[in-house]
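Chemist:
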Amino acid sequence: MTDKDTDFAIEGHGDISVGVQGAGASGDGSASATRITPGNALRPEDIALEVRRGQVKPSEDVAEFALRIGDDGLILAQRLGHWISRAPELEEDIALGNIALDQLGHARSFLTYAGAAWDKSEDDLAYFRREHEFRSAHLFEQPNGDFAVTIARQFIVSYYQYELYTALTASKDATLAAISAKAVKEVDYHRDHSAQWVLRLAGGTDESRARIIQGFKLVWPYVDELFEDDELTTRLAEAGVAVQPSSLRAGFDRLTGEIMAEAELDIPAVPQALGGGRRGKHSEFLGYIIAEMQVLAREHPGASW
Amino acid sequence: MSPHGNPEEPASSASEIKREAPKVAATTPAEQQHHEAPWSLWEVFVRSSRGLSHVHAGSLHAPDAAMALRNARDLYTRRNEGVSIWVVPAEAISSSDPDSKGAFFESPQGKDYRHATYYTKSEGVKHL
């Protein structure tokens, strides 16, 4: 997330050809199984470019909304990144790292877009805001716990984000729709990943089953906050830019319910937490996360590597 | 129904992945001990684009086939390398004996009549 990164995208798509030439879709017999091409998807750099050219500028409401979902992804990416080198198996280490990077990618896109309303870069927003200026929901800042807690959190997050991004692909705001269209495919895989692990932990040993039950008990209090409507979402829903979070609940309940039933797990009967993340009221955990996330950028402002 | 539980899932992403993961059955204490054993080894074959063959990309550990496919996706297609993945239990692969290289592989050497080197290329024929 440096200036250097964004500058190479000045010409837009198609410039970062790091791949082996000539091994494309032509069915070339010398094509390799490890061919590397960057692909052609929407990148945060493309959004930054559109912002610089003045082609897109979100309204205050849209920017505030993008900030919320961007912060969700940013904080979760920071949390998941902590698993790198600590997961139970090397393969799972990389899987969680990939998911963290997907989340960070979504966050970069949403924050880049949000920042356009206030002349701020993604880095300004990520590294130079204070705790009460973050708009992420409480679920995303919950501690990793053991692997089962992380999977329980990931299960709720990915099914919520899938419903959200699916709905946002129909947004009247073209940039929100485009970021969501890219994100929904990645989140679909996150759903699958967490569902597979919920089934395996629940159906594995007594120990793994006890842990996933405990994991869900710890994170389930933060579900309701994800589906709370407020004035901002009401205005955006009326404008066709976003949807009311409450409208996503039925799909979430149905799909998570199917997996929970298959895993023979009950939805935990736990009271719901107060929430408030969308208004900048956070639990005690967020401060530590952003301290760790921001320290380098604040100690060395403008540093790049 | 898929374990994913979504009949309306988009035709995107992991649609090539077989989702019918066999659910792990409830285990006896004896089997639990078995669970502590390391995950088994799988060989991964990746097809980089339509019309090409699957090529061996490497190996990985996974508890079962469904997870092996997902791990392969995460490990070997991170840089857009593939459109299809096969995973095979490493123990299911029979390989030639490295000590029999002479008997197995030296016979074709020097038999250049087995190569199409004695034909003259016809004029105007493309793609030869």
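Protein chains in written order, with the working numbering: chain A, 15 to 319; chain B, 774 to 901.
Beta carbons are placed, not taken as given, at the ideal position from N, Cα and C, and that holds for glycine.
As the structure is a computational prediction, the values presented were derived from the model and not from experiment.
Which residue wins for smallest C-alpha separation from R108 of chain A, given the options B:H827, B:V856, B:S826 and B:R846?
Modeler: Numbered from 1 along the first sequence, position 94 holds the residue referred to as residue 108 of chain A. The amino acid at residue 108 of chain A is misidentified as Arg; the sequence shows Ile. Among B:H827, B:V856, B:S826 and B:R846, the Cα nearest to that of I108 of chain A belongs to B:R846.
Chemist: With a threshold of 16 other CB atoms inside 10 Å of the CB of A47 of chain A, please say whether the residue is buried or exposed.
Modeler: For the purposes of this step, residue 47 of chain A is taken as the residue at position 33 of the first sequence. With a pLDDT of 49 at A47 of chain A, under the threshold of 50, the modelled position of that residue is not reliable, and no figure is offered here.
Chemist: Leaving out five residues on either side along the sequence, give the residues of the same chain with a beta carbon under 8 Å from the beta carbon of I273 of chain A.
Modeler: The sequence position of residue 273 of chain A within the first sequence is 259, counting from 1. F169, A209, V212 and L213.
Chemist: Report the neighbours of L848 of chain B on chain A: residues whose CB is nearer than 7 Å to its CB, in chain order.
Modeler: Position 75 of the second sequence, counted from the start, is the residue given in the question as residue 848 of chain B. Under the 7 Å cutoff, chain A gives E105 and I108.
Chemist: Is the beta carbon of A128 of chain A sitting closer than 8 Å to the one on K186 of chain A?
Modeler: One-based indexing of the first sequence puts residue 128 of chain A at position 114. One-based indexing of the first sequence puts residue 186 of chain A at position 172. No, they are not a contact pair.
Chemist: Can you round the beta-carbon distance between I179 of chain A and A197 of chain A to whole angstroms, since I take them to be within the 8 Å contact cut?
Modeler: For the purposes of this step, residue 179 of chain A is taken as residue 165 along the first sequence, with counting starting at 1. For the purposes of this step, residue 197 of chain A is taken as residue 183 along the first sequence, with counting starting at 1. Checking the sequence, you will find Tyr at residue 179 of chain A rather than Ile. Confirmed, about 5 Å.
Chemist: Tell me where the alpha helix (DSSP H) around R122 of chain A begins and ends.
Modeler: Taking the first residue of the first sequence as position 1, residue 122 of chain A is located at position 108. Its alpha helix (DSSP H) spans residues L104 to G129.
Chemist: What are the start and end residues of each continuous alpha helix (DSSP H) run of 4 or more residues lying completely inside the segment 129-168 of chain A, in chain order?
Modeler: With a minimum length of 4 residues, the continuous alpha helix (DSSP H) runs that stay inside the segment 129-168 of chain A are 136-141 and 152-155.
Chemist: In this structure, how does DSSP classify V65 of chain A when only helix, strand and coil are distinguished?
Modeler: Here residue 65 of chain A corresponds to residue number 51 of the first sequence, with the count starting at 1. Three-state result, V65 of chain A: helix.
Chemist: Answer yes or no: does any C-beta atom of chain B fall closer than 8 Å to that of H207 of chain A?
Modeler: Within the first sequence, numbered from 1, the residue matching residue 207 of chain A stands at position 193. Yes, its Cβ sits closer than 8 Å to a Cβ of chain B.
Chemist: Below 8 Å between beta carbons is the criterion; list the residues of the segment 114-126 of chain A that meet it against any residue of chain B, in chain order.
Modeler: Residues passing the 8 Å Cβ filter: none.
Chemist: I'd like the list of long-range same chain contacts for P58 of chain A, defined as Cβ closer than 6 Å, with 5 residues on each side in sequence excluded.
Modeler: Locating residue 58 of chain A in the first sequence gives position 44, where the first residue counts as 1. Excluding positions up to five away in sequence, the list reads R122, S123 and T126.
Chemist: Does the CB of A889 of chain B have a neighbour CB from chain A at under 8 Å?
Modeler: Sequence index remark: in the second sequence, residue 889 of chain B carries index 116 (1-based). Not closer than 8 Å to any Cβ of chain A, the Cβ of A889 of chain B fails to qualify, so no.
Chemist: Using only CA atoms, which one of B:R851, B:Q882 and B:V861 lies nearest to G111 of chain A?
Modeler: On the first sequence, residue 111 of chain A is found 97 positions in, with the first residue counted as 1. Minimum Cα distance to G111 of chain A is reached at B:R851.
Chemist: Does Q175 of chain A have its Cβ less than 8 Å from a Cβ in chain B?
Modeler: Position 161 of the first sequence holds residue 175 of chain A. For Q175 of chain A, the answer is no, since every Cβ of chain B falls outside 8 Å of its Cβ.
Chemist: Please report the straight-line C-alpha distance between L88 of chain A and E155 of chain A, rounded to a whole angstrom.
Modeler: The residue you call residue 88 of chain A lines up with position 74 of the first sequence. The residue you call residue 155 of chain A lines up with position 141 of the first sequence. Rounded to whole angstroms, L88 of chain A to E155 of chain A spans 10 Å at the Cα level.
Chemist: At least one CB of chain C closer than 8 Å to the CB of A863 of chain B: is that the case?
Modeler: The structure shown has no chain C; the protein chains it does contain are A and B.
Chemist: E816 of chain B by DSSP, collapsed to three states: which one?
Modeler: By 1-based counting over the second sequence, the position of residue 816 of chain B is 43. E816 of chain B falls in the strand class under three-state DSSP.
Chemist: Does the beta carbon of W859 of chain B sit closer than 8 Å to a beta carbon anywhere in chain A?
Modeler: As a working note, residue 859 of chain B is residue 86 in the second sequence. Answer no: the Cβ-Cβ gap between W859 of chain B and chain A never drops below 8 Å.
Chemist: For the alpha helix (DSSP H) containing G7 of chain A, name the first residue and the last one.
Modeler: There is simply no residue 7 of chain A to check, as chain A begins at 15 and stops at 319 in what is shown.
Chemist: Quick check on this structure: which residue in A:I193, A:H146 and A:W97 has the alpha carbon closest to the alpha carbon of I61 of chain A?
Modeler: Taking the first residue of the first sequence as position 1, residue 61 of chain A is located at position 47. It is A:I193.
Chemist: Taking the alpha carbon of G855 of chain B as the reference point, which residue from B:T890, B:F877, B:W812 and B:V828 has its own alpha carbon closest?
Modeler: One-based indexing of the second sequence puts residue 855 of chain B at position 82. Answer by Cα proximity: B:V828.
Chemist: Is there at least one Cβ from chain A nearer than 8 Å to H900 of chain B's Cβ?
Modeler: Within the second sequence, residue 900 of chain B is the residue found at index 127, counting from 1. It does not; no Cβ of chain A falls within 8 Å.
Chemist: Can you check DSSP and say which residues form a bridge with P285 of chain A?
Modeler: For the purposes of this step, residue 285 of chain A is taken as the residue at position 271 of the first sequence. Its beta-bridge partners do not exist; DSSP assigns none.
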